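Here the structure is laid out as structure tokens; the discussion comes afterwards.
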Amino acid sequence: RKDIAKGEEIFVNYGDPYFDGREDKYGPVPRPSHFEEAHEMVKKFHGIFGNSTISPNSTKQEIWDAVRDLTSNRTKVALPRRWEEFDDALEKGMARHSLPDSIRTVEWLEENGQCMDNLFIGPSTIRMAGRGAFATRFVHKGGLVAPMPLVHILNKTDLDMYDLNDRESGNVIGKQLLMNYCFGHEKSSVLLFPYSTAVQMINHKSDKPNAKIVWSQSPHHRSEWLATSLKDIPTTNSNLMFDLVATRPIAPNEEVFIDYGKEWDRAWNRHVKQWTPDANAGSYVHPENFNLVERSNPTVRTLTEQQTQPYPPNIQTVCQYKRSDTVSFSFLSDGTEINKATWSKPNEPRNLRSCDVLNRTTLGDN
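For the sequence shown, this note's numbering begins at 146 and goes up steadily by one.
Next comes the structure, spelled out in structure tokens:
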């Protein structure tokens, strides 16, 4: 969305709702409007302090402290703490000023950082394996293929899935997809999820792996945690790390493999032996391919139209939905609440909800 400076930290916008329910964890996080309000306040008081005879400087700070205390919590966080920081805040902007370490020097990165671009994702060379991870450059034997910082999940049952209609029974009906990308041990409740670039795509090869997982030698790895009781390990810090190390020379564009272990091998072979395709597998249509075909006629079919022209069994209609207090509601004869709203394409993604199109009305040329 804009030029990124050398050594600049990468940020994305999670959206306001992400922080609305997490203030106890992150504190009051400023929104764009709060940074704009902070900018106007700093610009105003920069002029007042610069043209006044207020002295000593401690008095200016007392005035500024009082002004900050009168603002909302989010605006207060967006404001510089000291009046001497006005020039820097106005030059960089309030958001950048609030993150003084968001741009690092090359020297700092070389001393403290680790290379994250040794892998890229592509179709695996193993049949039916889906995607795999490939080396972007030559890696010598014993060389670091990729660092693997870990999110630790202290209780693997946190990834259990329940029937929403029968949660009270406590019957587990499956595991969250995240489980497939975690490391763990059958005798431990802990799961470790690696979140560095492309490492989740590394496939299994028991006979000829070219890499292995070891505990990291990085100073970012808290090795003392390995001898710590689970109850004493913080749940909000991710300070455990693996290193993915080459067990032989790896050529550029070569797929990287590790050995998942004998237990995984046995479980996979058992799955392959017992697995049977879904009854509707023969009529499966990939949604992306279906949308490409339908692009010439993007009209979403109503329930009545689907009686003569049904969608494939694995395709369903969904709406990008955001409930609003301004829309009206009505009820079907069976008591189902219907949200009556105009169909439109919002500027940004919203929550997806399963929906049935009961009828369709054309407005103007839309």
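By construction, the Cβ of each residue, glycine as well, lies at the ideal position given by its N, Cα and C atoms.
Model, not experiment: these values are computed from the prediction.
Item to check | For Asn-218 and Ile-193, the rounded distance between their alpha carbons | outcome: By 1-based counting over the sequence shown, the position of residue 193 is 48. By 1-based counting over the sequence shown, the position of residue 218 is 73. Cα to Cα, Ile-193 sits roughly 23 Å from Asn-218.
Checklist entry - If you run the structure through DSSP and keep just helix, strand and coil, what is Leu-371? => result Residue 371 sits at position 226 when you count from the first residue of the sequence shown. Note: Leu-371 maps to helix in three-state DSSP.
Item to check | Environment of Glu-255 [buried if 16+ CB atoms lie within 10 Å] | outcome: Residue 255 sits at position 110 when you count from the first residue of the sequence shown. Result: exposed.
Checklist entry - Would a C-beta distance cut-off of 9 Å place Leu-336 and Met-324 closer than the cut-off? => result Reading the sequence shown from its first residue, position 191 is the one you call residue 336. Reading the sequence shown from its first residue, position 179 is the one you call residue 324. Contact: yes.
Item to check | Proximity of Gly-267 and Gly-277 at Cβ, strictly below 9 Å | outcome: Translated into positions along the sequence shown, residue 267 becomes position 122. Translated into positions along the sequence shown, residue 277 becomes position 132. For the pair Gly-267 and Gly-277, the CB atoms are nearer than the 9 Å cut-off.
Next on the checklist: If you reduce the DSSP assignment to three classes, tell me which class Trp-420 lands in.
Outcome noted: Here residue 420 corresponds to residue number 275 of the sequence shown, with the count starting at 1. Residue state, collapsed to three classes: coil.
Item to check | Rounded C-alpha distance that separates Leu-389 from Pro-379 | outcome: Position 244 of the sequence shown, counted from the first residue, corresponds to residue 389. Position 234 of the sequence shown, counted from the first residue, corresponds to residue 379. Distance between the alpha carbons of Leu-389 and Pro-379: 24 Å.
Next on the checklist: Taking 6 Å as the limit between beta carbons, can you name the residues of its chain near Pro-494, skipping five residues before and five after?
Outcome noted: Here residue 494 corresponds to residue number 349 of the sequence shown, with the count starting at 1. For Pro-494, the pLDDT reaches just 48, beneath the cut-off of 50, and the residue's location in the model is therefore unreliable, although a value from the coordinates is still provided. If we look at Pro-494 and ignore the five residues flanking it on each side, it has no Cβ neighbours.
Next on the checklist: Along the chain, where does the alpha helix (DSSP H) containing Trp-209 start, and where does it finish?
Outcome noted: By 1-based counting over the sequence shown, the position of residue 209 is 64. First-last of the alpha helix (DSSP H) with Trp-209: 202 to 214.
Item to check | Span of the alpha helix (DSSP H), counted from its first residue to its last, around Met-386 | outcome: Counting from one through the sequence shown, the residue named residue 386 turns up at place 241. Run containing Met-386: none in the alpha helix (DSSP H); it sits in the beta strand (DSSP E), 385 to 391.
Next on the checklist: Among Phe-328, Pro-162, Leu-304 and Ile-403, whose alpha-carbon lies nearest the alpha-carbon of Val-317?
Outcome noted: Your numbering for residue 317 matches position 172 in the sequence shown. Looking at the Cα atoms, Leu-304 is the closest of the given residues.
Item to check | Length of the line joining the Cα atoms of Lys-189 and Glu-154 | outcome: What you label residue 189 is simply residue 44 of the sequence shown in a count that begins at 1. What you label residue 154 is simply residue 9 of the sequence shown in a count that begins at 1. Roughly 30 Å separates the two Cα atoms.
Checklist entry - Straight-line CA distance for Ser-314 to His-366? => result Stepping through the sequence shown from its first residue, residue 314 is reached at position 169. Stepping through the sequence shown from its first residue, residue 366 is reached at position 221. If you take the alpha carbons of Ser-314 and His-366, they lie about 40 Å apart.
Item to check | Within 9 Å, strictly: CB atoms of Asp-214 and Lys-221 | outcome: To locate residue 214, count along the sequence shown from 1; it is residue 69. To locate residue 221, count along the sequence shown from 1; it is residue 76. In this structure, Lys-221 lies closer than 9 Å to Asp-214 by Cβ.
Checklist entry - What residue ranges within the stretch 246 to 334 form continuous alpha helix (DSSP H) runs of no fewer than 4 residues, ordered along the chain? => result 251 to 257
Checklist entry - How many Å lie between Glu-408 and Met-273 at the Cα? => result Within the sequence shown, numbered from 1, the residue matching residue 408 stands at position 263. Within the sequence shown, numbered from 1, the residue matching residue 273 stands at position 128. Looking at the two C-alpha atoms, the distance is approximately 20 Å.
Next on the checklist: If I follow the unbroken alpha helix (DSSP H) through Leu-448, where does it start and stop?
Outcome noted: Numbered from 1 along the sequence shown, position 303 holds the residue referred to as residue 448. 448 to 453 is the span of the alpha helix (DSSP H), which, as asked, contains Leu-448.
Next on the checklist: Taking the alpha carbon of Glu-236 as the reference point, which residue from Gly-258, Thr-198, Met-293 and Val-187 has its own alpha carbon closest?
Outcome noted: The residue labelled residue 236 in the question sits at position 91 within the sequence shown. Out of Gly-258, Thr-198, Met-293 and Val-187, Val-187 has the C-alpha closest to the C-alpha of Glu-236.
Item to check | With 16 other Cβ atoms within 10 Å as the buried cut-off, status of Ile-298 | outcome: Counted from its first residue, the sequence shown places residue 298 at position 153. Label assigned to Ile-298: buried.
Next on the checklist: Are the CB atoms of Phe-164 and Tyr-171 within a distance shorter than 9 Å?
Outcome noted: Translated into the one-based positions of the sequence shown, residue 171 becomes position 26. Translated into the one-based positions of the sequence shown, residue 164 becomes position 19. Yes, Cβ-Cβ distance for Tyr-171 and Phe-164 is below 9 Å.
Item to check | Extent of the continuous beta strand (DSSP E) to which Lys-357 belongs | outcome: Position 212 of the sequence shown, counted from the first residue, corresponds to residue 357. Counting along the chain, the beta strand (DSSP E) containing Lys-357 begins and ends at 356 to 360.
Item to check | Selection from Phe-279, Arg-176, Gln-461 and Gly-329 that minimises the alpha carbon distance to Pro-354 | outcome: Locating residue 354 in the sequence shown gives position 209, counting from the first residue. Answer by Cα proximity: Phe-279.
Item to check | Selected residue, minimal CA-CA separation from Asn-425, among Trp-413, Asn-459 and Gly-406 | outcome: What you label residue 425 is simply residue 280 of the sequence shown in a count that begins at 1. Here the closest residue by C-alpha is Asn-459.
Item to check | Range of the contiguous alpha helix (DSSP H) that encloses Leu-437 | outcome: Here residue 437 refers to the residue found at position 292 of the sequence shown. Boundaries of the alpha helix (DSSP H) harbouring Leu-437: 432 to 439, taken from the DSSP string.
Checklist entry - Under 9 Å, do Ala-343 and Thr-392 count as touching if we go by C-beta distance? => result Counting from 1 along the sequence shown, the entry for residue 343 is found at position 198. Counting from 1 along the sequence shown, the entry for residue 392 is found at position 247. No, Cβ-Cβ distance for Ala-343 and Thr-392 is not below 9 Å.
Checklist entry - Among Gly-275, Trp-253, Ser-200 and Leu-244, which one has its Cα closest to the Cα of Pro-175? => result Locating residue 175 in the sequence shown gives position 30, where the first residue counts as 1. Shortest Cα-Cα distance from Pro-175 to any of Gly-275, Trp-253, Ser-200 and Leu-244 involves Leu-244.
Item to check | Residues near His-242 in its chain [Cβ-Cβ closer than 8 Å; skip 5 each side] | outcome: The residue you call residue 242 lines up with position 97 of the sequence shown. Result list for His-242: Pro-225, Glu-230, Asp-233 and Ala-234, in chain order.
Checklist entry - What are the boundary residues of the beta strand (DSSP E) that includes Pro-225? => result Numbered from its first residue, the sequence shown carries residue 225 at position 80. Pro-225 -> no beta strand (DSSP E), and no H or E assigned at all.
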